[in-house]
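The structure under discussion appears below in the form of structure tokens.
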Amino acid sequence: MNGAGHMEPRSGRSGGAVSPVEQDMMKKLEAALSKQSLGAESKGQLAARRREEEAGCKCGALMRASQLVDQVISESFRRLGSMVGAHPIWVIIVTLLFVALSAIPLLEKAYPGKGLVAFHEELDKDKLYAPTGFRSSDDSKYVKSIYDKEQLTQLVLVKRDTTSGSRNVLTRDLVAEAWDLWEWIRTLEVEYENQTYRWEDVCARNEKPDSDEQLPCKMFSIFDVWSLNRTAFEMDDNYLETMTKKTVAPGEELVKGLAKGAVTGYGALLFRDLVLGQDYVTTDENGILKSAEVFRITMIKKEHRREILGKNYDPVTTAWEAELIDLVTFRWQGRLKGYAASFEEVDRQSEEQVHEDLLFAALSYVFVIIISHFVLFRNNRSFCKAHLTLVSIVAITCSIITALGVVNLMGVPYNLVVNTVPFLMVGLGIDDTFVIMGAYASTPPYHTVQQRIEETMMRAGTSIFVTSLTDFVAFAFGTFTRIPAMRAFALYAAAGVFFDFLYQVTFFVAFVVLDTRREERSRKGAPLFGLGPVPPAAPQKGAPKAQEMSKMEAQCGKQVGGTVIKHEVNRKRTYEKQISMTEWKMQTGEEYPKCCGSGEFDPQAPSSSRKVIGEWLPSLTLHPMGMAIVMIIEAVVVGIAIYGCTKVYMDFRYTAWFVPKDSWLNDAFAVEDKYFGGTKINFYVFTKEPLDGGTYFDHLDELEALGEAMRNSTDISDRPLPFTFWYDNFVLWLKFYHPTDLINDRPPDADTFTEWTKEFLSTTGQAHLGDVIFSEDMTRIISTRTTAFTKPIGPMSDMIKVVDNVQAAATAASPNLQAFPYGGLFPFIDSFRIVTEETIKNVISAMVAVGLVCLLVLADFPTTFAVIAMIALTDLWVFGSMWYLGLQFNLVTSINLILAVGIAIDYSAHVAHSFLVVDGSRRQRAQKALYHIGGEVFSGAATTLVAVGALFFAEHFIFHVFFKMFSVIILSGIWHGLVVLPIVLSVMGPPSYSAR
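Going letter by letter, the sequence shown gives residues 1 to 996 in UniProt numbering.
Below, the structure written as structure tokens:
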């Protein structure tokens, strides 16, 4: 592999065409290394070492297969280069047409309602994070099929402004002010399709079987104490006693609450904890309420979703909620401060923040353009290629557009995690550009345009093909995950890698062709950087005339001044003796003045990155003392990483991490967490139709056992809401209304049980109307549900244990009724059950896949193993660093651990292949490998790091994780690819290809 990153031949002159400057530099490097080597070991030991390295078996089947693959790939890219070189304009036009066609699905995303085809986008957390084949996925489908009318919870919290000193909100004037806010809320109006909607129109209501009666809205508030009648409150002289009586205190028997009428408008028990909070309520010596610090209004909204401009939502409820938030949070002025919160608002703000942070993609592009200009800059107007950076950015952008369009057209929905793909692609794409331009810089300027492009593609094509293939394979293996969000990201990323590779070797190279023509014209004196007409060539003293020179250039093997000029492209990538640029300039009379400074520009002089990485770095790291220091550093960092690995734990805090830091929603959730349960999770316990084909009456024992098991469970909290089982309340109702008709405290038969259940739900048990579902003919119960809260829980691992315990208890108590718990967070919980297994499986699979690709290309087991070891160490560094960076193990960090495999391979594979190509002792070959390819690898990594650095300014949790982990991936990849791997190869590397 030469300095441009191209794959060198495995037979013939492995060094390829090397300029005199490079030859002189190589001699100096070899002399310096030989001197170091002799200082460390005797001449006899050195000779024995060289004999050992040069010894080896003949090429085996693996070597022959690898050579065949290499030849096929090289010839394919030579032909591709020939085609692009002959028709660059057509290649550009065809590429842009294809990009335009693939962008059609994105029009709907950018301009809703104006696209030609639908844009598939998924925002439903259940569908994104619920792993396929797991219980939560089936449970979610069941719940939505039975309880088809989704209901959303809207919280309004009212807290006293603390600047006033006292925090008590139970004074009469503050309760009256809370009434003012509630009346404003009730009269809020929104218009949609020429209709006006208020709270009564968007609230959820229970429905009586076989009745069109409109029941009250479902809500919990302190105003239910007076049946939502303000006049009753104003006339109540003992309002605190009334509040005490009409609310169910913590630990109070439910039957007592029912007896004293402590119920809401729609019939549910009014629990004090739900409206005044749990731990900041005080009473006097008689148990009368004395003070509280907060009111909470819990409003249950109906939601009838429909597809509108590519999104699935209820437009009326969404518009009303927006008005409510504006009123409570921004327009309300008073001694009480209002807060509004809902999980739907979390989703909206998270999506908006992602869209805002995508603006930093433009900033990353600016950073890349600036750095790439320095990398591709040449201090001469003819040879400068910095302007091609813009072409590369266009090619990368086209690859992103095509990947998003094509994959979305295949029906794979777009989601929040996919938003990181543009940042990933800009780093990978610019790396391919550097490899292509490095190979181009190694081609002799006196070759024809067609020849230079063919040579460039032969050299660079194989290199970027291998790295792109390994990246593609690493991402493709991520599609085998059972978590839909991760699978979609892997598909979009794999498609991005493929199309970036395709556009780099076609679209970008087509512009290189045009620029090579410009370069040739500029060298011949054309003004405007080669865009103007070429002036007539004047005869040069002591040099052939221009027309004579052209004839000689066209003749392969023609001697000029005794030097053989080889113009024919050798398909084995070896060349006859080439003349130096000094000889060429003397013979043609061409001059290459510097743009900045004085003197002449040498197009074959090594770049700054090659000097730093190819000369200075190995002089330090490959010295015995440097090798020892590097190994000590590696051992220390590995130890630190292993310690960090033991501290990493699973966690995912949706409301805390996905809400923008400066959002008012954070204040609302802080109040909610402080006063109303914090880390407790709300869920339901469901029952289904009996497995044995019977009825619920046949399994009353199981209903009793289920209620007993849930109440006694240490994983279920009795605050802010105890487990209020509908069947327990039904039994109390039976004892009150049908005491003489019961047989062993139960209805006498199945039909009576059904009729009495309907009667209960239509009277005292109205609160349970939406929790007991009958068959269509209303003759039997087919499903029930009861709400519950978990105990306070910490990390996600605790949450998994709680769900498992409740599931086991429900199944044991009610096996025939198939009892199971389910809540909105359960899909997340199930995804965490397998995230460790999925991550390990995908990382190992990706390593095996890229290892097989490397083995086929490198044709050497030890070197392939060394490369895989570097990838494993990089992933170890990344995982271990998570604890120090304040990151937890979850779906987002898991994706980055899988990405590390595809990214880290780029830094090691180039160096490993170059080490096998060059000749010399192990240490000399390690230094030559860095000299040949290290500069380009470093430039690509540095540019990627700068691109990712733009995410430092982003606010969304996903981008913050991406920034932190990708920074570690790149730095660790550079360290292991350019520092550790050369040391390993210099000590125990295999013989070169030519020595076998």
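Positions of the beta carbon are idealized from the N, C-alpha and C atoms, including for glycine.
query                                                                                                                                                                               : result
Return the CA-CA distance between threonine 787 and tyrosine 266, expressed in angstroms with no decimal places.                                                                    : 16 Å
Based on Cα-Cα distance, which residue from Arg523, Ala812 and Glu345 lies nearest to tyrosine 446?                                                                                 : Arg523
Mark valine 984 as exposed unless 16 or more other C-beta atoms lie within 10 angstroms of its C-beta, in which case mark it buried.                                                : buried
Would you kindly work out how many angstroms separate the C-alpha atoms of glycine 405 and alanine 103, rounded to a whole number?                                                  : 5 Å
Measuring alpha carbon to alpha carbon, tell me which of Val294, Val275, Gly251 and Lys245 ends up nearest asparagine 286.                                                          : Lys245
Have a look at the DSSP bridge pairing and note the partners of asparagine 682.                                                                                                     : Phe789
Give the list of continuous alpha helix (DSSP H) stretches no shorter than 4 residues that lie fully inside the region 964-991.                                                     : 981-988
Between which residues of its own chain and glycine 251 is the CB-CB distance below 6 Å, once the five residues before and five after are set aside?                                : none
Of all the options Thr943, Gly81 and Phe963, which has the alpha carbon lying nearest to the alpha carbon of isoleucine 895?                                                        : Phe963
What separation, rounded to the nearest whole angstrom, lies between the Cα atoms of leucine 706 and isoleucine 681?                                                                : 20 Å
Give the DSSP-derived three-state secondary structure of glycine 478 in the structure shown.                                                                                        : helix
When you compare only the Cα positions, how much space is there between tyrosine 365 and alanine 954?                                                                               : 15 Å
Are the CB atoms of asparagine 415 and leucine 106 within a distance shorter than 7 Å?                                                                                              : no
Work out the CA separation of valine 421 and glutamate 520 for me, nearest whole Å.                                                                                                 : 38 Å
At what residues does the beta strand (DSSP E) containing glutamine 195 begin and finish?                                                                                           : 195-197
Would you mind sorting serine 392 into buried or exposed? The rule is 16 or more other CB atoms within 10 Å of its CB.                                                              : buried
For alanine 259 and threonine 247, I'd like the C-alpha separation in whole angstroms.                                                                                              : 11 Å
For lysine 541, does the count of other Cβ atoms within 10 angstroms reach 16, so buried, or fall short, so exposed?                                                                : Because lysine 541 carries a pLDDT of 41, less than 50, the predicted location of this residue cannot be relied on, and the following value inherits that uncertainty. Under this definition lysine 541 is an exposed residue.
By DSSP's criteria, threonine 153 is part of a beta bridge. Which residues make up the other side?                                                                                  : Ile300
Helix, strand or coil: how does DSSP classify arginine 719 here?                                                                                                                    : coil
By the DSSP assignment, the beta strand (DSSP E) with alanine 341 in it spans what residues?                                                                                        : 336-341
Give the single residue among Glu293, Tyr492, Ala176 and Asn890 whose Cα lies nearest to the Cα of tyrosine 675.                                                                    : Glu293
Does the Cβ of serine 74 lie closer than 6 Å to at least one heavy atom of the ligand NAP?                                                                                          : In the structure shown, the ligand NAP is absent, as is every other ligand, since no ligand is present at all.
How many Å lie between glycine 257 and valine 263 at the Cα?                                                                                                                        : 8 Å
Buried or exposed for aspartate 314, please, with buried defined as at least 16 other CB atoms from any protein chain shown within 10 angstroms of its CB.                          : buried
Going by beta carbon distance, what residues of the same chain come within less than 7 Å of phenylalanine 434, once the five residues before and after it are set aside?            : Val375, Glu936, Ser939 and Gly940
Measuring straight from C-alpha to C-alpha, what distance separates lysine 144 and aspartate 771?                                                                                   : 13 Å
Our contact map puts aspartate 500 next to serine 399 with C-beta atoms below 8 Å; I'd like the distance itself, whole angstroms only.                                              : 4 Å
Figure out for me which residue from Arg518, Thr470, Glu352 and Gly429 has the closest Cα to the Cα of cysteine 384.                                                                : Arg518
What's the call for lysine 801, buried or exposed, on a 16-neighbour Cβ count within 10 Å?                                                                                          : exposed
Going by DSSP in three states, glutamate 351 sits in which element: helix, strand or coil?                                                                                          : helix
For threonine 231, count neighbouring Cβ atoms within 10 angstroms of its own Cβ and tell me buried if that reaches 16, exposed if not.                                             : exposed
Would you report the Cα separation of valine 917 and leucine 620, rounded to the nearest angstrom?                                                                                  : 23 Å
On the DSSP bridge list, what partners appear for proline 821?                                                                                                                      : Val685
Count the other CB atoms, across all protein chains shown, that sit within 10 Å of the CB of valine 417; report buried if there are 16 or more and exposed otherwise.               : buried
Drop a sphere of 10 angstroms on the beta-carbon of methionine 988, count the other beta-carbons inside from all chains shown, and report buried for 16 or more, exposed for fewer. : exposed
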